[in-house]
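Protein chains: 2
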Amino acid sequence: MITPDWIAADWGQSQLQVWAIQGTDTVLASASTPLTPGHSDLSAMWTLIADWATLASPAPVLLSGYDGTDMKPLSVPCPPPSAAQAHTADLPPHPLQMLPDVIQDSPLDRLGSALIRVTGFLAQEPDFEGILCLPGALTRWVHLSAGEIVSFRSFVAGDLIAALTQMPGLPPMPQDPDTDPDQPNLLEAVRDGMAKPALLAARLAGISAEHSLNHSAQAPQRARLTGLVIGAELSAARAYWLGQDVAVVQEGHDPLAPAYLAALRDQSAMARPVDGQVLALRGLCATRNAAS
Amino acid sequence: MITPDWIAADWGQSQLQVWAIQGTDTVLASASTPLTPGHSDLSAMWTLIADWATLASPAPVLLSGYDGTDMKPLSVPCPPPSAAQAHTADLPPHPLQMLPDVIQDSPLDRLGSALIRVTGFLAQEPDFEGILCLPGALTRWVHLSAGEIVSFRSFVAGDLIAALTQMPGLPPMPQDPDTDPDQPNLLEAVRDGMAKPALLAARLAGISAEHSLNHSAQAPQRARLTGLVIGAELSAARAYWLGQDVAVVQEGHDPLAPAYLAALRDQSAMARPVDGQVLALRGLCATRNAAS
Numbered sequence: 001m002i003t004p005d006w007i008a009a010d011w012g013q014s015q016l017q018v019w020a021i022q023g024t025d026t027v028l029a030s031a032s033t034p035l036t037p038g039h040s041d042l043s044a045m046w047t048l049i050a051d052w053a054t055l056a057s058p059a060p061v062l063l064s065g066y067d068g069t070d071m072k073p074l075s076v077p078c079p080p081p082s083a084a085q086a087h088t089a090d091l092p093p094h095p096l097q098m099l100p101d102v103i104q105d106s107p108l109d110r111l112g113s114a115l116i117r118v119t120g121f122l123a124q125e126p127d128f129e130g131i132l133c134l135p136g137a138l139t140r141w142v143h144l145s146a147g148e149i150v151s152f153r154s155f156v157a158g159d160l161i162a163a164l165t166q167m168p169g170l171p172p173m174p175q176d177p178d179t180d181p182d183q184p185n186l187l188e189a190v191r192d193g194m195a196k197p198a199l200l201a202a203r204l205a206g207i208s209a210e211h212s213l214n215h216s217a218q219a220p221q222r223a224r225l226t227g228l229v230i231g232a233e234l235s236a237a238r239a240y241w242l243g244q245d246v247a248v249v250q251e252g253h254d255p256l257a258p259a260y261l262a263a264l265r266d267q268s269a270m271a272r273p274v275d276g277q278v279l280a281l282r283g284l285c286a287t288r289n290a291a292s
Numbered sequence: 001m002i003t004p005d006w007i008a009a010d011w012g013q014s015q016l017q018v019w020a021i022q023g024t025d026t027v028l029a030s031a032s033t034p035l036t037p038g039h040s041d042l043s044a045m046w047t048l049i050a051d052w053a054t055l056a057s058p059a060p061v062l063l064s065g066y067d068g069t070d071m072k073p074l075s076v077p078c079p080p081p082s083a084a085q086a087h088t089a090d091l092p093p094h095p096l097q098m099l100p101d102v103i104q105d106s107p108l109d110r111l112g113s114a115l116i117r118v119t120g121f122l123a124q125e126p127d128f129e130g131i132l133c134l135p136g137a138l139t140r141w142v143h144l145s146a147g148e149i150v151s152f153r154s155f156v157a158g159d160l161i162a163a164l165t166q167m168p169g170l171p172p173m174p175q176d177p178d179t180d181p182d183q184p185n186l187l188e189a190v191r192d193g194m195a196k197p198a199l200l201a202a203r204l205a206g207i208s209a210e211h212s213l214n215h216s217a218q219a220p221q222r223a224r225l226t227g228l229v230i231g232a233e234l235s236a237a238r239a240y241w242l243g244q245d246v247a248v249v250q251e252g253h254d255p256l257a258p259a260y261l262a263a264l265r266d267q268s269a270m271a272r273p274v275d276g277q278v279l280a281l282r283g284l285c286a287t288r289n290a291a292s
């Protein structure tokens, strides 16, 4: 029987991850479950931690990234939220603290699950001056300076690539998470997307024509579409990486982060990988421990 | 009992339309059935014309836009194909003539169902010098001069808009075919898409943020996405409309052609509507009658 002092919980873009923690940051156990977009039923979390927190041992939960309440968000520029700014809810079977989101007024945007990773990254590198890039269904570019979140920008990336690869008239584009992205096709498409972002719909028509005229090889098309989307994004987000120190957040085996890293390095940007799950846990621990 | 001299058939992007014809161009009856993308089973046509053409009265069929055979396509620059270039198949219950497609080598592209509309338009306006714009799932811009197809360019437009409006995290965007496109939102988005095509993914993220922060009005979002896609296309296809005489082909009640017309006129382009079904029928009649 695991009886943690507290439970750290990260409501992410695609999964909910929980850690049973003793003391400040000793992980006794962890678990995760997939989340569908728009899902906001906390019962997924209660199920996941049912063995760790009962009425007899009501370990408190610190939850980040959750969007199901009317918590007032913070606005940039600001440091990451502290535990004192969390919304406390006494829901059975145990006390729950939910961290608020950080938003930006213009352009209107929100950090969502990226926020706790930013918190963890600043706990790890408090003097960092540069950009945290968090690829995903929504990719976020976050400008950090003097321990604060200065500004950020979101792009629908993973979801856009998924929608494009499933369009009618295009060849099947199976995803193979075990293989590296097709680098030559990827980088060629990144350069094309950066130079001519308006041609995305024409490139799709080209793939469709190649497919129907039997000229297409299936394999590289997903890399091409991924590259076109990333290329247009690099063009629009240039201020967030040109001449900047960029850390790219890798979530599990998601193939998107390696594609961003390759694309940024191809543009001679200073880019290095950091682990998203490690950052989320570190962010939750730093938030809780700063409060005690 | 209808006993036509011949049957005209248009295998379009979204529907198969057939006409029972007496003499050169007297329409005795017509019928249509929806087509799903990639569908290439001729039995849909046999069913549609079963009452007009039987073993006892084997009316010949002239079919355009069909992609189910290994017919050698023509290459631009070229005039529209003649009946003499059709592929003849003696399939029960009646003789079938299939018109070949027109392709372009670089960039690789095909006219598909747009071709018979081009044929009909040139039959109607043989001295036309300018652009035929055919909005649809795939939008095609066709440069016509001296009675020939000079070049063309396809953009995935309607299918891209449909894919974007159905993405996770965005508000519901019901299509209402009975209302005009939301002109102010549409045209503002067209200008935005033309000026900053690389920002499409950021605009999607903005709509997602507005939606999740309860700042969004649902109604104009479809017009916004439609405008962003058309705007990027107008930017990339500028050579096809700037200073050109443009005819925009309207198919049924598809709301896309009015959106293109509004966008082109907002850019001070000379644009006028023409009816796609009229052009298809005229193209089939012109092709058959030129041969006899």
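Taken in sequence, the protein lines are chains W and H. Here the working numbering is used: the first residue of the first sequence is 1, the next is one more, and so on. Here the working numbering is used: the first residue of the second sequence is 1, the next is one more, and so on. We put the beta carbon where it would ideally sit given N, CA and C, even for glycine. Values in this document were obtained by computation on a predicted structure and should not be read as measured data.
Coil, strand or helix - residue i by DSSP
i, result
"F152 of chain H", "strand"
"D105 of chain H", "strand"
"G130 of chain W", "strand"
"W19 of chain H", "strand"
"I7 of chain H", "strand"
"H39 of chain H", "coil"
"A205 of chain W", "helix"
"L48 of chain H", "helix"
"Q221 of chain H", "helix"
"T24 of chain H", "coil"
"D192 of chain W", "helix"
"Q277 of chain W", "helix"
"A84 of chain H", "helix"
"P177 of chain W", "Any reading at P177 of chain W needs caution, since the residue's pLDDT is 48, under 50, leaving its predicted position unreliable; the model's value is listed next. Note: P177 of chain W maps to coil in three-state DSSP."
"V76 of chain W", "coil"
"P184 of chain W", "helix"
"S313 of chain W", "Any property of residue 313 of chain W remains undetermined from this structure, which presents chain W solely from 1 to 292."
Residue i versus residue j: straight-line alpha-carbon distance, rounded
i, j, result
"D266 of chain W", "A84 of chain H", "53 Å"
"L304 of chain W", "A50 of chain W", "Residue coverage of chain W in this structure runs from 1 to 292, which leaves residue 304 of chain W outside it and unanswerable."
"L16 of chain H", "L35 of chain H", "6 Å"
"L200 of chain W", "A236 of chain W", "14 Å"
"A294 of chain W", "I207 of chain H", "Given a span of 1 to 292 for chain W in the structure shown, any question on residue 294 of chain W remains unanswerable."
"L234 of chain H", "A205 of chain W", "15 Å"
"W6 of chain W", "Q22 of chain W", "7 Å"
"S106 of chain H", "L132 of chain H", "19 Å"
"T226 of chain H", "L256 of chain H", "8 Å"
"G112 of chain W", "S151 of chain W", "14 Å"
"S43 of chain H", "P197 of chain W", "41 Å"
"P174 of chain W", "S57 of chain H", "49 Å"
"A9 of chain H", "R288 of chain H", "12 Å"
"W19 of chain H", "S154 of chain H", "28 Å"
"G293 of chain W", "Y66 of chain W", "It is not possible to answer for residue 293 of chain W, since the shown part of chain W is limited to 1 through 292."
"E148 of chain W", "C78 of chain W", "5 Å"
Status (buried if at least 16 other CB within 10 Å, exposed otherwise) for residue i
i, result
"D178 of chain H", "Residue confidence is low: D178 of chain H scores 44 on pLDDT, short of 50, so the model does not pin down where it sits. No coordinate-derived value is stated."
"Q221 of chain H", "buried"
"N185 of chain W", "buried"
"T139 of chain W", "buried"
"T33 of chain W", "exposed"
"Q166 of chain W", "exposed"
"L55 of chain W", "exposed"
"G193 of chain H", "buried"
"I2 of chain W", "exposed"
"E210 of chain H", "buried"
"D109 of chain H", "buried"
"A239 of chain H", "exposed"
Distance cut-off 7 Å: residue i Cβ against heavy atoms of the ligand MN
i, result
"G130 of chain W", "Because no ligand of any kind appears in the structure shown, any question about the ligand MN cannot be addressed here."
CB contact check: residue i to chain B, cutoff 8 Å
i, result
"L213 of chain W", "The structure shown contains no chain B; the protein chains it does contain are W and H."
(message) Please list, in chain order, the residues of the segment 177-206 of chain H that have any C-beta partner in chain W closer than 9 Å.
(response) G193, M194, K196, P197, A198, L199, L200, A201, A202, R203, L204, A205 and G206
(message) If the cut-off is 9 Å on Cβ atoms, which residues from the segment 154-165 of chain H count as contacting chain W, listed in chain order?
(response) S154, F155, V156, A157, D159, L160, A162, A163 and L164
(request) With 9 Å as the C-beta to C-beta threshold (strictly closer), list the residues of the segment 245-265 of chain H near chain W in chain order. (result) none
(message) Counting beta carbon pairs with one atom in the segment 114-130 of chain W and one in the segment 270-290 of chain W, are three or more of them shorter than 8 Å?
(response) yes
(request) Please confirm if the segment 237-255 of chain H is in contact with the segment 271-280 of chain H, defined as three or more CB-CB distances below 8 Å between the two stretches. (result) yes
(request) With 8 Å as the limit, tell me which residues of the segment 224-235 of chain H have their beta carbon closer than that to any beta carbon of chain W; keep them in chain order. (result) V229, A232, E233 and S235
(message) Can you pull out the residues from the segment 124-150 of chain W whose beta carbon lies closer than 9 Å to at least one beta carbon of chain H?
(response) A137, L138, T139 and R140
(request) Specify whether the segment 70-82 of chain H and the segment 50-59 of chain H touch according to this definition: at least 3 beta carbon pairs, one from each stretch, less than 8 Å apart. (result) no
(message) With a threshold of 8 Å, are at least 3 pairs of Cβ atoms found where one atom belongs to the segment 73-83 of chain W and the other to the segment 96-110 of chain W?
(response) yes
(request) Could you name the residues of the segment 56-72 of chain H whose beta carbon sits closer than 9 Å to any beta carbon of chain W, in the order they occur along the chain? (result) D67
(request) Output, in sequence order along the chain, the residues in the segment 97-109 of chain H whose CB is closer than 8 Å to any CB in chain W. (result) I103, P107, L108 and D109
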